[in-house]
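The opening residue of the sequence shown carries number 420 in the working numbering; numbering runs sequentially from there. Working notes, structure below.
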Amino acid sequence: MGSISTSQVESFGSSRFINRELSWLDFALRVLDLAEDKSVPLLERAKFLAILSDGLDEFFQVRVAGLKDQLAAGVRSLSPDGLSVREQLQAVRGKVLLIAERINQIYNENLLPALSDAGIMLLNWDDLPFEDREYLVGVFENTVFPVLTPLAVDPSHPFPYISNLSLNLLVRVTDPVSEVSRYARVKVPAILPRFVALPDGVRFVPLEQLISANVRQLFPEMAIGAQHVFRVSRNADLTLEEEEADDLLAFVEMELRRRRFGRAVRLEFQGVPDPDVVALLVKELRLHPDDVYILDTPLDLSGLWSVYKIMRADLHDLDWVPVTPLSFGDAESGSVDVFATLREGDVLVHHPYESFSATVERFIEQAANDPAVLAIKQTLYRTSGDSRIVASLIQAAESGKQVAVLVEVKARFDEQANIGWARALEEAGVHVVYGLAGLKTHLKAVLVVRSEDDGSTLRYCHLGTGNYNSKTAKSYEDIGLLTCNPDFGADLSEVFNLLTGFSKRLEYRKLILAPGLLRTRILQFISEQVRLGDAGRIIIKVNGLIDPEVIDALYSASNAGVKVELLVRSICCLRPGVPGLSENIRVKSIVGRFLEHSRIFIFGDPNSNSAKVLVGSADLMQRNLDRRIEALFPIEDPHLRKRVVEIVSLDLDDDSSSWELSENGEWAKPSGPGLLRAQDKFQELAIERATPIRRHVRRLWFKMGVGK
């Protein structure tokens, strides 16, 4: 760490860190706050409950599962904040119970009454009039019943396997002749809508209640007893030892099949279950009683996505249509030549305020169609199901261009989709690679090699903070740089050679790569600010701040008088505002309509030309710095640097969608009326920058040599 002293920092011991699992659950509470916020349109509040449900599922499948694996393996090491594995599991359970209680309150006392007042009703079967029940019985008989498969549990039928995240009914069935009672499990089909709509399209009944009300049809001539709705979460994190695999693609497919049979980590019940039923399932699933969670809402509230889709403009956010930046054309002039635009100067795009489709997708599309383009190289971490980008890459390969794509088949929960894309690309003649052994490739990059009219060869690049996914680009906040700067082109050429061949290169002209030098460079940049003392300044925007070494370096910077401002969307293990440790550190988190996803690093006075302004794909987490291919890249054009500084400045000034972290590890909203919502301001700026008059001014700039 060079000149950064650690003695004073280390004297605070483990108390200087916040537990990463508990920090994520605090982020979940910030999301939950939006589900309760009456200033948020009603169906958007339902959406946030659905998002939270998905997030908690992943948390249990990965993070809790990981802790349980450590416990089973007898791991005795403590987390950076000083907790044993068992203590972490106990703390997680306590916080999850608080979250569950708040979900119950929001859903039953806030969301349901508000939906009802708006004419949208989530009803119980028992509350339905005869004609609605008659209609739903028809739905059951024609659509639901044919796909149900009851599985008996008796001496001749062992306890059935309960698949991950499946919704189930456990039904007590009694033979009226022998009076022998057994249990049967009925799986609620995931292929059917979670909430069944009545003919008016605004009233819904949970699918499991429809099955429960008609379950006698599955067990004719039998007496039906108590029924219990339950759900199981399993370990879904792939344990990849791909260094030992001859065929990574086949290995990942095998691991995906194994994921279905991962160890159970959570058991959820709706309502108050029979203790004997709880004991039965805990025993059969090899769980601990602390793994049981009892909820007073329908299980798996991600089903609220179907309610969110109701077409009621008055209950949704105002539609936001991303604008096309001036450099890429407008409604009056039509589209422009992307390559000609980039030869005039670099272009920065800020999604979702500026269109991903009209910029990044169009860049790749034009490259695929341009006879002068010789080669296209790209990384794909996550992409959408109807990807225009993949279609363009296939078209380029079929037209004879050299196309190489790194498809990261280890991208969690997107493995199967990426395997499908990889095979489609290979069938079209694309050279597909799957990354480096032991590392995930998280770098977001495109390289286009083009033969110019003067006989030279020029390389055009896109580098970004977000995935090449047109769907998430409409809701994820990200930054991308489009450039034909020769240094970037040369760097990306060598990076792709690293990814597809063999290379030990660490130093690049512009790019800073992990796991090679990224951690070292970040610590070096922090150290440079330490030497400036009170004149030092650090601004960092990331999704997660977990890495202990980087956190300690930031503490040392604070002790040297450096002003440190951090924007951390989700997990933050740094404790700000602690006397003698972090008085000069401020931590904010923005949680709003769009998911904050960009990573920005500014070292030095942001208004000075000497400040380092970097953007990239890496969060400050051990996995990103040590176990992934990541990249930071500098923003050097003065106008684009100002835009990046503007982004973090507005985020730091946000007092409507932001939270601030205190020294005791608690998040709080700013007091006061809330005068600035950064995401709204970015929409205004995007519209302003897309007006024709700004286009005219830009053209004059280039004629005068300004901004080149």
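Each residue gets a CB set at the ideal place from its N, CA and C atoms; glycine is no exception.
Per the C-alpha coordinates, the member of 738, 780, 442 and 735 positioned closest to residue 757 is 780. Along the stretch 470-540, the alpha helix (DSSP H) occurs as fully enclosed runs of 4 or more residues at 484-491, 504-524 and 531-536, listed in sequence order. Look at residue 1106 here: in three-state DSSP terms it is helix.
Exclusion of the five residues before and after residue 425 leaves 971 and 975 as the residues of its chain whose Cβ lies within less than 7 Å of its Cβ.
Between the stretch 762-781 and the stretch 730-743, the count of Cβ pairs shorter than 8 Å is three or higher; the stretches touch. Straight-line measurement puts the Cα of residue 842 at about 46 Å from the Cα of residue 698.
Counting only runs of 4+ residues, the alpha helix (DSSP H) found wholly inside the stretch 1050-1098 occupies 1057-1072, in chain order. Assigned with DSSP and collapsed to three states, residue 594 falls in coil, not helix or strand.
Straight across, the Cα-Cα distance linking residue 990 with residue 1016 is about 13 Å.
Between residue 1109 and residue 746, the alpha-carbon positions lie close to 9 Å from each other. In this structure, the alpha-carbon of residue 851 lies about 47 Å from that of residue 560. Taking 8 Å as the cut-off, the Cβ atoms of residue 813 and residue 849 count as close. Residue 1014 is not a Cβ neighbour of residue 898, given a cutoff of 8 Å. Each of 1061, 500 and 1003 was checked against the Cα of residue 1031, and the nearest Cα belongs to 1061. Taken atom to atom, the span from the alpha-carbon of residue 1101 to that of residue 462 is near 23 Å. For residue 870, same chain residues with a beta-carbon under 7 Å away, outside a window of 5 residues either side, are 791, 793 and 876 in chain order. If the five residues before and after residue 910 are omitted, its C-beta is found closer than 7 Å to the C-beta atoms of 927, 928, 929 and 930, all from its own chain and listed in chain order. At the C-beta level, residue 824 and residue 797 come within 8 Å of one another. Beta-bridge annotation (DSSP): residue 714 is paired with 689. With distances taken between CA atoms, residue 961 lies nearest to 1040 out of 1040, 817 and 490. Of 1020, 516 and 1005, the smallest CA-CA separation from residue 959 is found for 1020. Excluding five sequence positions before and after residue 724, the CB atoms of its chain that fall closer than 6 Å to its own CB belong to 469, given in chain order. It is roughly 18 Å from the alpha-carbon of residue 549 to the alpha-carbon of residue 634. Secondary-structure assignment with DSSP links residue 797 through a beta bridge to 824 and 865. Here residue 955 carries a coil assignment [DSSP, helix/strand/coil]. Put simply, the stretch 1088-1099 does not touch the stretch 719-734. Fewer than three CB pairs are less than 8 Å apart.
In the three-state scheme derived from DSSP, where H, G and I count as helix and E and B as strand, residue 883 is classed as strand. Cα atoms of residue 440 and residue 542: separation of roughly 35 Å, rounded to the nearest angstrom. Residue pairing from DSSP places residue 643 in a beta bridge opposite 592. DSSP lists 880 as the beta-bridge partner residues of residue 902. The residues 1069, 1070 and 1073, in chain order, have a CB closer than 6 Å to that of residue 1097 in the same chain once the five nearest residues on each side in sequence are set aside. Relative to residue 684, the option among 785, 484, 881 and 940 whose CA is nearest is 484. Taking residue 882 as the centre and dropping the five residues before and after it, the same chain places the C-beta of 864, 900 and 1052 closer than 6 Å to its C-beta, in chain order. Comparing alpha-carbon positions, the option among 585, 502 and 978 lying closest to residue 611 turns out to be 585.
Within the same chain, 613 and 614 come within 6 Å of residue 722 by CB-CB distance, once the 5 residues on both sides are set aside. Annotation: residue 692 to residue 579 spans about 19 Å, alpha carbon to alpha carbon.
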